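Numbering (this note's numbering), first residue to last: 81 to 146.
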């Protein structure tokens, strides 16, 4: 499954979040590092859902650049 992520530029870093996983966030000093970190955060989040017996949500968010 593929999930949308949102990356935002801050004053000193980048941050990312996954709309389909509330509370799943990460930061990095570059876009590349932020993507790497959010992938790790997503894996950790999914592992937690599985351990807690909570179904993994289907991707529902869509991103389009205009």
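Where is the CB? At the ideal position from N, CA and C, for every residue including glycine. Please read these numbers as outputs of a predicted model, since none were measured by experiment.
Query raised in the report: Do residue 98 and residue 122 have their C-beta atoms within less than 9 Å of each other?
Result: yes
Query - Cα-Cα separation, residue 95 to residue 124 - result: 17 Å
Query raised in the report: Hey, how far is the Cα of residue 139 from the Cα of residue 92?
Result: 30 Å
**Report entry** Boundaries (first-last residue) of the alpha helix (DSSP H) holding residue 109
**Finding:** Looking at the DSSP string, residue 109 is not in any alpha helix (DSSP H), and its letter there is neither H nor E.
Query raised in the report: Within this structure, are the beta carbons of residue 118 and residue 85 separated by less than 9 Å?
Result: yes
**Report entry** Residue range of the beta strand (DSSP E) that includes residue 134
**Finding:** Where residue 134 is concerned, there is no enclosing beta strand (DSSP E), given that its DSSP letter is neither H nor E.
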